[in-house]
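444 is the number that this note's numbering gives to position 441 of the sequence shown; each next residue is one higher, with no gaps.
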Amino acid sequence: MKNFLLRSRTLGVFVFLFFGALPVAVASPLSLTYQGRILTSDGVPLEHNNVKFLFEIANPTGTCVIYRELVEGINMANSLGVFDVPIGLGGRQYPADPLYKLSDAFVNSVIHSCAGGATYTALDGDVRVLKVQFYDGTAWRQISPSNVIRSVPFSLTAHSASKLGSLGPNDFVQKNNVPAAGCLAGQVITFDGSNFSCVMDAAGAGGISDVQAGTGISVSGTTIKTVSVAFGSSAGTVAQGNDLRFSDARAPAGAAGGDLSGNYPHPLVSKIQTTPVSATAPSSAGQVLRFDGGTQYVPSFLNVADLRTATAAAQFPAVSCTAAQTLSYSSVTDQFSCVNISLSAVVSPGASGQVLTSNGTAWVSQAPPAGNTVSWVEKTSNYTASGGDHIFANTSGGPFTITLPANPSANDVVRIVDNSQSFNLNALTINPNGNRFSGGAAKDWIQSEQGRSLTLTYQNPTYGWVVTQIDSVTVPPLYTSWNPLDKASALVLSNSFRDVTSTGGSWNSVRGNSSKASGKWYFECKVVQVKSGTPEAMVGVASSAATLAGAYIGSSVAGRGYQVQGGFTYGATYTGSKPALTAGDVMGIAADFAAGTLSYYKNGVYQGQFSSLPAGDVFPAASIANDTVTKIQLLTGASQLVYGPPAGFTAWD
Numbered sequence: 004m005k006n007f008l009l010r011s012r013t014l015g016v017f018v019f020l021f022f023g024a025l026p027v028a029v030a031s032p033l034s035l036t037y038q039g040r041i042l043t044s045d046g047v048p049l050e051h052n053n054v055k056f057l058f059e060i061a062n063p064t065g066t067c068v069i070y071r072e073l074v075e076g077i078n079m080a081n082s083l084g085v086f087d088v089p090i091g092l093g094g095r096q097y098p099a100d101p102l103y104k105l106s107d108a109f110v111n112s113v114i115h116s117c118a119g120g121a122t123y124t125a126l127d128g129d130v131r132v133l134k135v136q137f138y139d140g141t142a143w144r145q146i147s148p149s150n151v152i153r154s155v156p157f158s159l160t161a162h163s164a165s166k167l168g169s170l171g172p173n174d175f176v177q178k179n180n181v182p183a184a185g186c187l188a189g190q191v192i193t194f195d196g197s198n199f200s201c202v203m204d205a206a207g208a209g210g211i212s213d214v215q216a217g218t219g220i221s222v223s224g225t226t227i228k229t230v231s232v233a234f235g236s237s238a239g240t241v242a243q244g245n246d247l248r249f250s251d252a253r254a255p256a257g258a259a260g261g262d263l264s265g266n267y268p269h270p271l272v273s274k275i276q277t278t279p280v281s282a283t284a285p286s287s288a289g290q291v292l293r294f295d296g297g298t299q300y301v302p303s304f305l306n307v308a309d310l311r312t313a314t315a316a317a318q319f320p321a322v323s324c325t326a327a328q329t330l331s332y333s334s335v336t337d338q339f340s341c342v343n344i345s346l347s348a349v350v351s352p353g354a355s356g357q358v359l360t361s362n363g364t365a366w367v368s369q370a371p372p373a374g375n376t377v378s379w380v381e382k383t384s385n386y387t388a389s390g391g392d393h394i395f396a397n398t399s400g401g402p403f404t405i406t407l408p409a410n411p412s413a414n415d416v417v418r419i420v421d422n423s424q425s426f427n428l429n430a431l432t433i434n435p436n437g438n439r440f441s442g443g444a445a446k447d448w449i450q451s452e453q454g455r456s457l458t459l460t461y462q463n464p465t466y467g468w469v470v471t472q473i474d475s476v477t478v479p480p481l482y483t484s485w486n487p488l489d490k491a492s493a494l495v496l497s498n499s500f501r502d503v504t505s506t507g508g509s510w511n512s513v514r515g516n517s518s519k520a521s522g523k524w525y526f527e528c529k530v531v532q533v534k535s536g537t538p539e540a541m542v543g544v545a546s547s548a549a550t551l552a553g554a555y556i557g558s559s560v561a562g563r564g565y566q567v568q569g570g571f572t573y574g575a576t577y578t579g580s581k582p583a584l585t586a587g588d589v590m591g592i593a594a595d596f597a598a599g600t601l602s603y604y605k606n607g608v609y610q611g612q613f614s615s616l617p618a619g620d621v622f623p624a625a626s627i628a629n630d631t632v633t634k635i636q637l638l639t640g641a642s643q644l645v646y647g648p649p650a651g652f653t654a655w656d
C-alpha cells in the first residue's frame, strides 16, 4: 500500500491517501479501492454527507484520459475524514462502450482511445496516472499532483494474462481437439458442430479436375480455366440478350388446341366456346355466324324472326299485319304488334311539307302551325337544352343536371317531365346557365318531387326563366297501394303511394286503393322508420265506414288495428302485452273472410288474431298521430312481400 501526502494549493487541505489494488479472486469484480483521509489545513476532517469523487485514469504523461468515472453519494458524516471509495463500480462517463471494463484501461497490448479524440499506443511496461477530484459540498477540489499507478493488481494481471493480445480463449482451438492421427495428403480439417475431423478436399477427390469444351464452347488456360460461349445466329451458337431477332414476330409451331385446330403458325378456328363452327365458309356479303339452335354455328343471313326480347320472346308478330294496320312498339313488352290505323279518309294528299289537321269534321292537309313544333327527347345524363325542347328526364339510373340555354330568346320554352317517377330517389338539378329564376338569383334548382312536370318560359334578363306551369304526373302502381283520394289531409304519400307519413297533429288514417270481401288474403306493413319514445301508429284493416280524419282504425267497429307500441285496438278498446314494432319490422296481416278472423304475424311469427272482421268490403289501413317521423310502407303482391302468406292464403293484389 502506498502513502501520499498532498497539499492543495487553493484550499490548503492536507490529505493522507492510501491507494492499492483490491485483491480479487477469478470471479470477483474487477475494481480498485481508493482510501485515505481528508483534513483541512488546520486539521479539521471533512465530514460532509454527500461527497463526490471524479476519477480519471490517463497515460503516463497524463495527456490522454483513458477512463473517467463519477462516484456520488459518499457519506463521510462522523468519518473523521476517512474514506474508502471503489473505482470501477461508479457511473462511468468515458468510454461510452457498455462492454468496456476498468481492467481494459491497464492493457498495454492495444491502442486506447482518448477522451479528447486522439489515441494512445501503450508500450510494454507503461504505467497509468490517476487524477482525482472531490466535491466537499461547496466546490470541486483537485488532488494534486496526480497519483502514478506503478504496478497492476493481481486481478488485473490475471485479466490481461487471460488473453493473447486482443484474442480470448474462445478464439483458439486446443491441440487435443484436433485428430491425433493427423490428416492424409489432400485432406482438410472440418468441424461438424461437435468434433473436428479430416476429410478429402472436394476438388482433390471427386471434384472437377478439368473442363472439356462442347459445341459452341471454348476453354482456355491451364491452372485457371476460362470458359467462353459462341454467340451468333448460325447453328451451334447461342443468342445474346440484345439480339435484334428478339424484336421480330416469332411464329409458333406445333399442333393447335382448344377452340383451334390444325397446326401453327396457321391454325383454324373450329369452335367458339367449345361449340363447333361449320366448315362451310360464308358465300355472300352480309352473312353472319348464326347458331343453328342445334349443334353448330353456320353462315346465314339474319331475318326478322332472329330479333328477340330480353326474355327471348319474338319481337315481331308471327303473321303479317292486315290492311289498314301498322306496327306499333311497346316499351313494356319490348315487342311490335299490329294495330289498326284509325284515320278517316283524306281526299287530297296535300302539298309537300303539309300535315294532317282536323277541322272539327274531317282531316285536311295544311301547313304545320308556326312555332308549334315539339321535340320530345329522353335524357338519362347531363344535357344542355335548346329552346323548344320537351325533355323526359329519367333519373332512375342516378341524378344528373339539365342546363338551360345560355342565350335564350324571349318566350323560349323548355318543358321537363319526370317520366320515370324517380325524382324522389335521384333528384334532377336544373342549371339556369347564368340566367335568373323568376327574378331571383342565378343558382341551381333541385327537383326531388316524384312525378314533377315543369314548363319554363324565358321572359327577359330581369326575370329570366319563369315557371309557367307546374304539376305532377302519376303512374298507377302495379299492386295495391295507399289511396291518395282516400286519406286524411294530414297524411303524406310517397314512393308510388306505398309509403305514408304524417305532418303531425291528432290521429289520422288512410285506406288502400283495393278491397276484399271474400277469400283468404294476406298483405304486409313494414315500419320503415319510427319515432323514438312512445310512437303512436297502427296497422290493420278498415271498411269504407271507418272515419279517417281525426280517428284511428281501431276507434270503431269499422276497423281493426295493431299498435306499434304492442297491442290490439278494436271499438276504441286497447289490449296490450304484445311485442312492440321497431324500424325494419314487418307486420303480416291475414284476413280469412270465411272464418271471419284477422291474424297478425310480426316478422313471420304469429301474434294472435281478431275473431271478427268489419262488415262489408275491407281495405288495408294505417293510422299515425303526433308524429312526423314514423313511416309505414304497404307491401302487396307476391313479389313485394318479405315473409309471404301463411298456408292457404293468397297475396293481396
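A virtual CB, placed ideally from N, CA and C, is assigned to each residue, including glycine.
Each of P464, S512, T600 was checked against the Cα of P487, and the nearest Cα belongs to S512.
By the neighbour-count criterion, in which 16 or more other beta carbons inside 10 Å mark a residue as buried, Q215 falls on the exposed side. When secondary structure is reduced to three states using DSSP, N245 falls in the coil class, being assigned neither helix nor strand. When only Cα atoms are considered, N180 and V191 end up about 15 Å apart.
Taking every protein chain shown into account, the CB of R131 has 16 or more other CB atoms within 10 angstroms, so this residue is buried.
In the DSSP assignment, W485 falls within the beta strand (DSSP E) that extends over 485–490.
Burial is judged here by how many other beta carbons sit within 10 angstroms of a residue's own beta carbon; G235 has fewer than 16 and is exposed. In the DSSP annotation of this structure, the continuous segment of the beta strand (DSSP E) that includes W524 starts and ends at 523–532. For V542, the secondary structure class from DSSP, reduced to helix, strand or coil, is strand. Rounded to the nearest whole angstrom, the C-alpha separation of N414 and A549 is 51 Å. Distance between D195 and V202, taken at the CA atoms: about 11 Å.
Counting along the chain, P302 sits inside the beta strand (DSSP E) bounded by residues 300–303. Taking a C-beta distance under 7 Å as the contact criterion, S331 and V322 do not qualify as a contact pair. The DSSP-derived three-state label of S423 is coil. Within the DSSP secondary-structure output, A594 pairs in a beta bridge with W524, L601. Annotation: S389 is outside any beta strand (DSSP E) and is labelled neither H nor E by DSSP.
Within the stretch 262–307, the beta strand (DSSP E) runs of at least 3 residues that lie entirely inside it are, in chain order, 291–294, 300–303.
Taking all protein chains in view, the Cβ of E75 is surrounded by fewer than 16 other Cβ atoms within 10 Å, so the residue is classified as exposed. Check the Cα spacing between T387 and each of G400, N410, Q38, S399: the tightest is with N410.
With contact defined as three or more Cβ pairs closer than 8 Å, the stretch 104–122 and the stretch 61–81 are in contact. Rounded to whole angstroms, the gap between the alpha carbons of Y466 and A327 is 51 Å.
Between K523 and G607 the beta-carbon gap is near 17 Å, outside 8 Å, which marks them as no contact. Scanning its chain for C-beta atoms nearer than 6 Å, with the 5 sequence neighbours on each side dropped, one finds around I433 the residues I405, W448, in chain order. When the Cα atoms are used, G84 and S44 turn out to be separated by approximately 13 Å. When secondary structure is reduced to three states using DSSP, S106 falls in the helix class.
Within the model, the alpha-carbon separation for V645 versus Y609 is close to 15 Å. For A430, no beta strand (DSSP E) encloses it, and the DSSP letter there is neither H nor E. Secondary structure at D100: coil, using DSSP grouped into helix, strand and coil. Beyond the five residues adjoining it in sequence on each side, P270 comes within less than 6 Å, by CB distance, of A259, L263 in the same chain, given in chain order. Around the beta carbon of N266, a 10 Å sphere encloses fewer than 16 other beta carbons of the protein chains shown; the residue is thus reported as exposed.
The Cβ atoms of Y604 and G587 do not sit closer than 7 Å to each other.
Beta-bridge analysis with DSSP links S626 to S512, M541. Counting every other CB atom within 10 Å of its CB across the protein chains shown gives Y565 a total of 16 or more, marking it as buried.
Rounded to the nearest whole angstrom, the CA to CA distance from T283 to S303 is 11 Å. Contact between N150 and D129 is absent: CB atoms are separated by about 15 Å, not below the 8 Å threshold. Under the DSSP definition of a beta bridge, V74 partners with F56.
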